[in-house]
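Asks: I have a structure I would like to understand better, so I am pasting it below and will then ask my questions one at a time.
Number of protein chains: 2
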Amino acid sequence: MSKDTLPGLTLCNNAMLRRAARKLGQFYDDVMAPSGLKATQQGLLYQIHIGDEPAMGAIAASLIMDLSALGHTLKPLIRDGYVETFADPDDRRIKRVRLTPQGLVKLDEAMKLWHIAQQRFEDVAGNDKAERLRAALDEIAALDFDLPPATP
Amino acid sequence: MSKDTLPGLTLCNNAMLRRAARKLGQFYDDVMAPSGLKATQQGLLYQIHIGDEPAMGAIAASLIMDLSALGHTLKPLIRDGYVETFADPDDRRIKRVRLTPQGLVKLDEAMKLWHIAQQRFEDVAGNDKAERLRAALDEIAALDFDLPPATP
DNA sequence: CGCCATTAGTGGTATATGCCACTAATTGAA
DNA sequence: TTCAATTAGTGGCATATACCACTAATGGCG
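Line order of the protein sequences matches chains H and P.
Residues in the first sequence are numbered consecutively from 1, following my numbering.
Residues in the second sequence are numbered consecutively from 1001, following my numbering.
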């Protein structure tokens, strides 16, 4: 394959996904900036909010995120007083997470901005396309890449 | 909207995109691990390879990546001797990037693993779906979210 | 009951990415 | 030509995310 005919990176599912994520991330972050939250943080607050004092492991699983990554991501939100954690009384290994009152206020504020970004995206991309995109992404998140073990 | 009826984060385009990116990133990284490169690094080396000693700005634009982020991402690759930079003789503001011989070798090695990951993805997701996904992601990357300025 | 395998998180380290302020090199206009 | 505006990168700082080794709690088994 000569260099002249090499395909772009348009062929790599992963590269395309990251590239689109950067693009969309920049846009959502931009719209959310007035709240002082990144889109990822808003998403995390929301995830915590809709859960019933979810355990860290449960949040990580929902978001398909490494547990330790979640721990790190949570730190600024705790530091800023939006989130607090407490040990599950029935199993002290488990740490549960909830929003503080300020966290709830901040989430409300951020959600307003999120709606703007979301609406703008739907307008620009088209509702159909957006819908299909989300469905496709959801399927990907649900895929199982494990090689089936040689059944003995 | 009561808490019981709150939708999941399945509605947020950005959140879904990031979630899928984490999932796929973990998979690709896993397959590429034997090469010692992350999928992002392989993608970057490839992008450099298919360019003609591209300028940093050109790479960043292709990847829709912040220029300074590119600079940071490049550092480990330079440190490990896979990539080198040099000033454009015609415009010394411009820094061009190219693979070193070792970089080329490493890219070859990584591409073999990439093919495995890519093929496995296509198998699991289905070629049609993968194709459509990439197309959708490419469209997103091409969207323009700027609000049209009030034409005076 | 006592011990080991499992489970849930933590902390460290490294890459990925973005924004901002700043510098260097170029360009364009007075 | 000279100086202001623009362009290309750098460096610092902060968040996002992953993996690994380690610790604390549980749970099950002999």
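The beta-carbon is built from N, C-alpha and C at its ideal position, and this holds for glycine as well.
By how many angstroms is the C-alpha of Ala1135 of chain P removed from the C-alpha of Asp128 of chain H?
Replies: Taking the straight line joining both Cα atoms gives about 15 Å.
Asks: Can you tell me whether Lys23 of chain H is buried or exposed? The criterion is at least 16 other CB atoms within 10 Å of its CB, across all chains shown.
Replies: Buried, since its Cβ has 16 or more Cβ neighbours within 10 Å.
Asks: Taking Cβ to Cβ, would you say Leu77 of chain H is nearer than 9 Å to Leu1017 of chain P?
Replies: The answer is no: Cβ separation not under 9 Å.
Asks: Please confirm whether Val105 of chain H has its beta-carbon closer than 9 Å to some beta-carbon of chain P.
Replies: Val105 of chain H does not count as touching chain P.
Asks: Can Ile64 of chain H and Arg1120 of chain P be called in contact, C-beta distance under 9 Å?
Replies: No; because the gap between Cβ atoms is not below 9 Å, this pair is not in contact.
Asks: Identify whether Ala150 of chain H lies in helix, strand or coil by the three-state DSSP scheme.
Replies: Bear in mind that the predicted position of Ala150 of chain H carries a pLDDT of just 38, short of 50, making it unreliable; the figure below should be weighed with that in mind. In this structure, Ala150 of chain H counts as coil in the three-state DSSP scheme.
Asks: Using only alpha-carbon positions, find the residue among P:Asp1080, P:Gly1103, P:Ala1117 and P:Pro1054 that is nearest to Phe1086 of chain P.
Replies: Checked all of P:Asp1080, P:Gly1103, P:Ala1117 and P:Pro1054; the closest Cα to Phe1086 of chain P is P:Pro1054.
Asks: Where does Lys3 of chain H land, buried or exposed, given buried means 16+ other C-beta within 10 angstroms?
Replies: Bear in mind that a pLDDT of 46 at Lys3 of chain H, under 50, signals an unreliable position, so the number given afterwards is only what the model happens to contain. So Lys3 of chain H ends up on the exposed side.
Asks: Between Ile1059 of chain P and Leu1070 of chain P, how many whole angstroms is the CB-CB distance? I'm expecting something under 8 Å.
Replies: That pair is a contact at about 6 Å.
Asks: Taking all protein chains shown into account, decide if Ile1048 of chain P is buried (16 or more other Cβ within 10 angstroms of its Cβ) or exposed.
Replies: The residue in question, Ile1048 of chain P, is buried, as its Cβ has 16 or more Cβ neighbours within 10 Å.
Asks: Are at least three pairs of beta-carbons, each pair with one atom in the segment 1024 to 1043 of chain P and one in the segment 1104 to 1121 of chain P, less than 8 Å apart?
Replies: They touch, by the three-pair rule.
Asks: Whose C-alpha, out of H:Ala110, H:Leu143 and H:Asp144, is nearest the C-alpha of Leu37 of chain H?
Replies: For Leu37 of chain H, the nearest C-alpha among the options comes from H:Ala110.
Asks: Express the C-alpha separation of Asp1091 of chain P and Glu131 of chain H in angstroms, rounding to a whole number.
Replies: Taking the straight line joining both Cα atoms gives about 46 Å.
Asks: Got a sec, what are the start and stop residues for the alpha helix (DSSP H) Asp138 of chain H sits in?
Replies: Per DSSP, Asp138 of chain H belongs to the alpha helix (DSSP H) from Asn127 to Ala142.
Asks: Does the beta-carbon distance from Ser1035 of chain P to Leu1113 of chain P come in below 9 Å?
Replies: Yes, the pair counts as a contact, with Cβ atoms nearer than the cut-off.
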